[in-house]
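**Q** Right, I'll just put the structure down here and ask away after.
Residue numbers (our numbering): -19 to 299.
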């Protein structure tokens, strides 16, 4: 999965005190302050921005770096680190200064909790408070929640009219053959995936109705109607481009994965303006924005950094 590696893997993976980040290149965007960065409060700062390797993370990393540049900082781009652990360790040990991370990943994968906190604000507060001892500061979160969902194509929606997971559960009881699922192998076996969802909603989908496949194939199969419902990520650009209908998680089963700026605490103490520079940008991020930007990369083939730059200019954050 893109940002939620298995907890067991996280626990077994031991990294050296230095993450060994030797790659990276300076960000050289010709940007000036727009609605952020006025007075260039980060002038003189040398900041390293990092991210994981998937599309949304590359975009968010670029957005953060562009914001810091507009505020006067020299920024080193070390985005695109494979896996979750590497980018987090880089920020924790000072090889990097900041990244966008997800609250659910922090709470479950990094901090070792088995049960998510339903309320998104309380989830963020719990992660923020717990991670301070690790030298990491979680700034206020966005409304961009990259979590699990089930989605169906428009023809399926017109036929069955389900809008929530509770209605999918009801359909599975009324007409068991109607509910067929395309899911990842990991989702099919995780407690916060299909087994937990079925338990939470009183749903029982026969094994013969569940097909496991790679993430990218799920979207095309759902769009074609090969399965009634498919496992998706709520900020994936293919949801909009393929006109899929997402089922609401009305019982709030799936964890909150709200994208949040995470900064090395020592860096933030030295450059406290980081918080005020990035906050207006964070508040603008939501699932609609993420789906639109992700689609520009994954569907239209545009460059993630350019997509980020265009959006920052479009919103007036930078000039």
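Where a beta carbon is used, it is the ideal one built from N, C-alpha and C, also for glycine.
Could you pull out every residue in the same chain whose Cβ sits closer than 7 Å to the Cβ of residue 45, ignoring the five residues on either side in sequence?
**A** Closer than 7 Å at Cβ, skipping near neighbours: 7, 29, 55, 57.
**Q** Helix, strand or coil for residue 13? Go by DSSP, reduced to three states.
**A** If DSSP states are grouped into helix, strand and coil, residue 13 belongs with the strands.
**Q** Cα separation between residue 93 and residue 82?
**A** For residue 93 and residue 82, the distance between alpha carbons rounds to 14 Å.
**Q** Using 8 Å as the cut-off, can you tell me whether the stretch 112 to 127 makes contact with the stretch 239 to 247, which would need three or more C-beta pairs spanning the two stretches below that distance?
**A** With a cut-off of 8 Å, the stretch 239 to 247 and the stretch 112 to 127 count as touching, because enough Cβ pairs lie within range.
**Q** For the stretch 205 to 259, which segments carrying the alpha helix (DSSP H) assignment without a break, of at least 4 residues, lie completely within its bounds, in sequence order?
**A** For the stretch 205 to 259, whole alpha helix (DSSP H) runs of length 4 or above, ordered along the chain, are 218 to 221, 245 to 250.
**Q** With a 10 Å radius around its C-beta and 16 neighbouring C-beta atoms as the bar for buried, classify residue 69 as buried or exposed.
**A** The residue is buried, with at least 16 neighbouring Cβ atoms inside 10 Å.
**Q** Which residues in the same chain as residue 285 place their Cβ atom closer than 6 Å to its Cβ, once the five residues preceding and following it in sequence are excluded?
**A** Counting only Cβ-Cβ distances below 6 Å, and skipping sequence neighbours, we find 42.
**Q** Please state whether the Cβ-Cβ distance between residue 267 and residue 124 is less than 9 Å.
**A** Yes, these two residues count as a Cβ contact at 9 Å.
**Q** Evaluate contact between the stretch 46 to 53 and the stretch 9 to 22, counting only Cβ atoms and requiring at least three cross-stretch pairs below 8 Å.
**A** Result yes; three or more Cβ-Cβ pairs closer than 8 Å.
**Q** Looking at residue 137: is its Cβ nearer than 9 Å to the Cβ of residue 242?
**A** Contact: no.
**Q** My understanding is that residue 131 touches residue 227, with C-beta atoms under 8 Å, so please give their C-beta distance in whole angstroms.
**A** Between residue 227 and residue 131 the Cβ distance is about 7 Å, and since that is below 8 Å, they are a contact.
**Q** Restricting to runs no shorter than 3 residues, where is the beta strand (DSSP E) found entirely within the stretch 107 to 136?
**A** Runs found: 116 to 118, 128 to 132.
**Q** Would the stretch 185 to 200 count as touching the stretch 209 to 216 if we require 3 or more Cβ pairs under 8 Å?
**A** Output reads yes: the stretch 209 to 216 touches the stretch 185 to 200.
**Q** With distances taken Cα to Cα, identify the nearest neighbour of residue 32 among 229, 112, 65.
**A** Minimum Cα distance to residue 32 is reached at 65.
**Q** If we call anything under 9 Å between Cβ atoms a contact, is residue 203 one with residue 174?
**A** Against a cut-off of 9 Å, the Cβ pair of residue 174 and residue 203 comes out as no contact.
**Q** Helix, strand or coil, according to DSSP, for residue 298 in the structure here?
**A** Note: residue 298 maps to strand in three-state DSSP.
**Q** Check whether the Cβ atoms of residue 208 and residue 128 sit closer than 9 Å, and answer yes or no.
**A** No, Cβ-Cβ distance for residue 208 and residue 128 is not below 9 Å.
**Q** Return the chain-ordered ranges of every alpha helix (DSSP H) run that is complete within the stretch 32 to 85 and spans a minimum of 4 residues.
**A** DSSP runs (the alpha helix (DSSP H)) wholly in the stretch 32 to 85: 35 to 50, 64 to 73.
**Q** Counting C-beta neighbours from all protein chains within 10 Å, is the total for residue 165 16 or more, i.e. buried, or is it exposed?
**A** With fewer than 16 other Cβ atoms within 10 Å, it is exposed.
**Q** Inspect the beta-carbon positions of residue 273 and residue 287 and report whether they are closer than 9 Å.
**A** A contact, by the Cβ cut-off of 9 Å.
**Q** For the alpha helix (DSSP H) containing residue 145, name the first residue and the last one.
**A** 145 to 154 is the extent of the alpha helix (DSSP H) around residue 145.
**Q** Which residues in the same chain as residue 23 place their Cβ atom closer than 6 Å to its Cβ, once the five residues preceding and following it in sequence are excluded?
**A** Contacts found: 52.
**Q** When the Cα atoms are used, what is the spatial distance from residue 295 to residue 232?
**A** Computed Cα separation, rounded: 31 Å.
**Q** Please tell me whether residue 251 and residue 27 are closer than 9 Å, where the distance is taken between their beta carbons.
**A** Yes.
**Q** Is it buried or exposed for residue 75, if we count other Cβ within 10 angstroms and need 16 for buried?
**A** Its Cβ being crowded by 16 or more others within 10 Å, residue 75 is buried.
**Q** Apart from the five residues on each side of it in sequence, which residues of its chain come closer than 7 Å, Cβ to Cβ, to residue -7?
**A** At residue -7 the pLDDT is 35, less than 50, meaning the model places this residue with poor confidence; the figure from the coordinates comes in the next sentence. 65, listed in sequence order.
**Q** Would DSSP call residue 194 helix, strand or coil?
**A** Three-state result, residue 194: coil.
**Q** Would you call residue 91 buried or exposed, if buried means 16 or more other Cβ atoms sit within 10 Å of its Cβ?
**A** Looking at its Cβ environment, which holds fewer than 16 other Cβ atoms inside 10 Å, residue 91 is exposed.
**Q** Mapping the DSSP letters down to three states, classify residue 278 as helix, strand or coil.
**A** Helix, per DSSP.
**Q** Determine the DSSP secondary structure at residue 290, reduced to helix, strand or coil.
**A** Note: residue 290 maps to helix in three-state DSSP.
**Q** For the alpha helix (DSSP H) holding residue 91, just list the boundary residues, first then last.
**A** Neither: residue 91 is in no alpha helix (DSSP H) and is coded neither H nor E.
**Q** Going by DSSP, which residues form a beta bridge with residue 26?
**A** In DSSP, residue 26 forms a bridge with 54.
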